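Protein chains in written order, with the working numbering: chain A, 155 to 466; chain B, 155 to 466.
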């Protein structure tokens, strides 16, 4: 089986209250692919410039990620993003965005990428997501990420994408913004009427929830003593979540599979933020992920059936 | 057994995007006491003015809450607070605060209140919390709430309170502010060195976590389709949490008891926000709480031991 991700491959400059990096491999497709590669064969569809070195590519290929569909634009420069995190690490300012070759990106999918059973459309202009969806009719599970920018300036196209996918993965505030609803439950229910059968609400440092017509499941972020760099946490989460689903191909997807997919996404994301950029996930191992999922279960489980006598 | 709470009894005016109330019974001690009364006999220590009617008092006494130590100041007016919630209901503006009789409140504890096994110091000036603590030397479990205001203007007194209590219950951002630490885990660990053996981090609409030297436990807020009025949610949570601990008097408190206490606090708080003020909790029943705790378990549990083969 295989999983195709379409999205940004980038260089990031990140500043936190305690440290800074001027140039690291990043981008939504990069973080997603590294996370998902623990679970399934991953094809990355993206675009880079001359500044993307063999060493950068090796970060992906070392994890058996297929980089055939990463287009190299001669004379071009790779997408560059620069940001600064505030004290609580849950909010950030973008200091610089240079789209470069990403500005005119037209995803070109090989037959292998088109025929993947699972497709993840990382955050990118919705019209491109739509064109990729049309090329990947074989996929039995499709998921999409987006952002406030597209809700504001390309909502019609985004709604067309949403109508066609199985799953939407968004920040909780963006889900509320997209639907105009005041709680995440009412917003998710509105989205479930618009196409997807699965809605995942990312809640930043607080965790995430998944909502379907059958029920919901909520998991906290894994509590860490120190967070070095939150960049890519959401994409790592999505990579673990979608990767887990890709590796469990029985359809329809049960709520049991979704629960564990949420746990695996949470575990991988927690490693991502422990160090800068892709540093930690690049040397992560399967047993470490499995151990963290067990720890996550241990800190969230309680006995809801313990007898109690209340006073009224 | 019994539980004493010292704090504000108030009237609230609340405006949300969809509705408004000009005057409702409120205050931290009120919300806490109603929630805790499902679990233990509760004594409320507070102060009110002439405007506090027999009908207001009946909201408490109908739940077998002991109001002997609510002082009535002749010619005085009860503490009044007015606030407006923003669209996402997680932030609010205070429109008006009239301390009235609460400004010169000197808690007078009857022997029954002094001898309670459990003591909760709701959010109030730390010097008063300290004087109450000194009067309640019998208590085998003491917990305190506070707020950013006291961290800013009465930090020394607050630290003296913290040094003496078993448990501190605070918003996560206030815990980070109080300790100067950047993550809730490092901040909680710092607090555990300052006196308490239990730190509870309230995370607003996202849930809460409890951290001890033995481990931690995290629970999401119960997902609701509609939130009518978040006022008092934190105090209702504390009431359910502390009440559950009061009703399970084995000491030291195990992490198992803390987990369930967190679940019960979460359940009661979720009812509190379903309607305005004390409306919903005032007619809440034990079986409804127990049912919601079961539902909370159902939407947070997953099998962390399910075998999986990862690709590396």
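Backbone N, C-alpha and C define an ideal beta-carbon position, used for all residues, glycine too. Everything numeric in this text was worked out from a predicted model, so none of it was measured.
Could you say which of B:217, B:185, B:319 lies nearest to residue 283 (chain B) if we only look at CA atoms? Your numbering for residue 283 (chain B) matches position 129 in the second chain. For the residues B:217, B:185, B:319, the minimum Cα distance to residue 283 (chain B) belongs to B:319.
Would residue 243 (chain B) be called buried (16 or more neighbouring beta carbons within 10 Å of its own) or exposed? Numbered from its first residue, the second chain carries residue 243 (chain B) at position 89. Residue 243 (chain B) is buried by the Cβ-count criterion.
For residue 365 (chain A), write down the residues that DSSP places opposite it in a beta bridge. Within the first chain, numbered from 1, the residue matching residue 365 (chain A) stands at position 211. Residue 365 (chain A) pairs with A:353, A:370.
Taking only the alpha-carbon atoms, compute the straight-line gap between residue 402 (chain B) and residue 460 (chain A) and give it to the nearest angstrom. Counting from 1 along the second chain, the entry for residue 402 (chain B) is found at position 248. Counting from 1 along the first chain, the entry for residue 460 (chain A) is found at position 306. Computed Cα separation, rounded: 12 Å.
Considering just the uninterrupted stretch of the alpha helix (DSSP H) at residue 442 (chain A), what are its terminal residues? As a position in the first chain, residue 442 (chain A) is number 288, starting the count at 1. Start and end: 440-452.
Consider the Cβ of residue 240 (chain B): report whether some Cβ of chain A lies at a distance smaller than 8 Å. Looking up residue 240 (chain B) in the second chain gives position 86. It does not: the Cβ of residue 240 (chain B) has no partner Cβ on chain A nearer than 8 Å.
Mapping the DSSP letters down to three states, classify residue 195 (chain B) as helix, strand or coil. The sequence position of residue 195 (chain B) within the second chain is 41, counting from 1. Note: residue 195 (chain B) maps to strand in three-state DSSP.
For residue 292 (chain B), count the other beta carbons within 10 Å of its own beta carbon; 16 or more makes it buried, fewer makes it exposed. Which is it? Within the second chain, the letter at position 138 stands for residue 292 (chain B). Residue 292 (chain B) is exposed by the Cβ-count criterion.
Alpha carbon to alpha carbon, what distance is there between residue 342 (chain B) and residue 228 (chain B)? As a position in the second chain, residue 228 (chain B) is number 74, starting the count at 1. As a position in the second chain, residue 342 (chain B) is number 188, starting the count at 1. Going from the Cα of residue 228 (chain B) to the Cα of residue 342 (chain B) covers about 43 Å.
Identify the continuous beta strand (DSSP E) that holds residue 325 (chain B) and give its terminal residues. Translated into positions along the second chain, residue 325 (chain B) becomes position 171. From DSSP, the beta strand (DSSP E) with residue 325 (chain B) extends over 321-325.
Residues of chain B with CB under 9 Å from residue 289 (chain A), in chain order? Numbered from its first residue, the first chain carries residue 289 (chain A) at position 135. None at all; the shortest Cβ gap to chain B is about 26 Å.
Secondary structure of residue 245 (chain A), DSSP reduced to three states: Position 91 of the first chain holds residue 245 (chain A). Coil.
Is there contact here, the segment 333-350 of chain A with the segment 385-399 of chain A, by at least three beta-carbon pairs under 8 Å? At 8 Å Cβ cutoff, the stretches do not touch.
With 16 other CB atoms within 10 Å as the buried threshold, where does residue 254 (chain A) fall? The residue labelled residue 254 (chain A) in the question sits at position 100 within the first chain. It counts as buried.
Are residue 467 (chain B) and residue 405 (chain B) closer than 8 Å when you measure CB to CB? Here chain B covers residues 155 to 466 and nothing more, so residue 467 (chain B) does not appear.
What are the start and end residues of the beta strand (DSSP E) that includes residue 359 (chain B)? By 1-based counting over the second chain, the position of residue 359 (chain B) is 205. No beta strand (DSSP E) contains residue 359 (chain B), which DSSP labels as neither H nor E.
Counted within 10 angstroms of its Cβ, other Cβ atoms place residue 178 (chain B) as buried (16 or more) or exposed: Locating residue 178 (chain B) in the second chain gives position 24, where the first residue counts as 1. When all chains shown are included, residue 178 (chain B) counts as buried.
Of the residues A:180, A:161, A:159, the one placed nearest residue 168 (chain A), counting alpha carbons only: Position 14 of the first chain, counted from the start, is the residue given in the question as residue 168 (chain A). It is A:180.
Residue 174 (chain A) (DSSP reduced to helix, strand or coil): As a position in the first chain, residue 174 (chain A) is number 20, starting the count at 1. If DSSP states are grouped into helix, strand and coil, residue 174 (chain A) belongs with the strands.
Leaving out five residues on either side along the sequence, give the residues of the same chain with a beta carbon under 7 Å from the beta carbon of residue 424 (chain A). Numbered from its first residue, the first chain carries residue 424 (chain A) at position 270. Hits under 7 Å: 375, 376, 378, 446.
N-terminal and C-terminal residue of the beta strand (DSSP E) that residue 156 (chain A) is part of: Working through the first chain from its first residue, we reach residue 156 (chain A) at position 2. Note, residue 156 (chain A): beta strand (DSSP E), 156-160.
Output yes if chain A places a C-beta closer than 8 Å to the C-beta of residue 417 (chain B); else output no. Taking the first residue of the second chain as 1, we reach residue 417 (chain B) at position 263. With 8 Å as the cut-off, residue 417 (chain B) counts as an interface residue toward chain A.
Counting C-beta neighbours from all protein chains within 10 Å, is the total for residue 416 (chain A) 16 or more, i.e. buried, or is it exposed? Locating residue 416 (chain A) in the first chain gives position 262, counting from the first residue. Result: buried.
For residue 457 (chain A), which residues in chain B fall below 8 Å Cβ to Cβ? Counting from one through the first chain, the residue named residue 457 (chain A) turns up at place 303. Ordered by position in chain B, the residues that pass the 8 Å Cβ test against residue 457 (chain A) are 410, 413, 414, 451.
With 16 as the cutoff for other CB atoms within 10 Å, does residue 410 (chain B) come out buried or exposed? Taking the first residue of the second chain as 1, we reach residue 410 (chain B) at position 256. Residue 410 (chain B) should be labelled exposed.
Suppose you measure from the CA of residue 309 (chain A) to the CA of residue 329 (chain A); what does that come to, to the nearest Å? Residue mapping note: residue 309 (chain A) aligns to position 155 of the first chain, counting from 1. Residue mapping note: residue 329 (chain A) aligns to position 175 of the first chain, counting from 1. Those two C-alpha atoms are separated by around 12 Å.
If you reduce the DSSP assignment to three classes, tell me which class residue 181 (chain B) lands in. Numbered from 1 along the second chain, position 27 holds the residue referred to as residue 181 (chain B). Reduced to three states, the DSSP call for residue 181 (chain B) is coil.
For residue 369 (chain B), tell me which candidate among B:385, B:387, B:408, B:348 has the shortest Cα-Cα distance. Position 215 of the second chain, counting from 1, holds the residue named residue 369 (chain B). Nearest of B:385, B:387, B:408, B:348 to residue 369 (chain B), Cα basis: B:408.
Under 7 Å from the C-beta of residue 439 (chain A): neighbouring residues of chain B: For this step, residue 439 (chain A) is matched to residue 285 along the first chain. Here the neighbours are 466.
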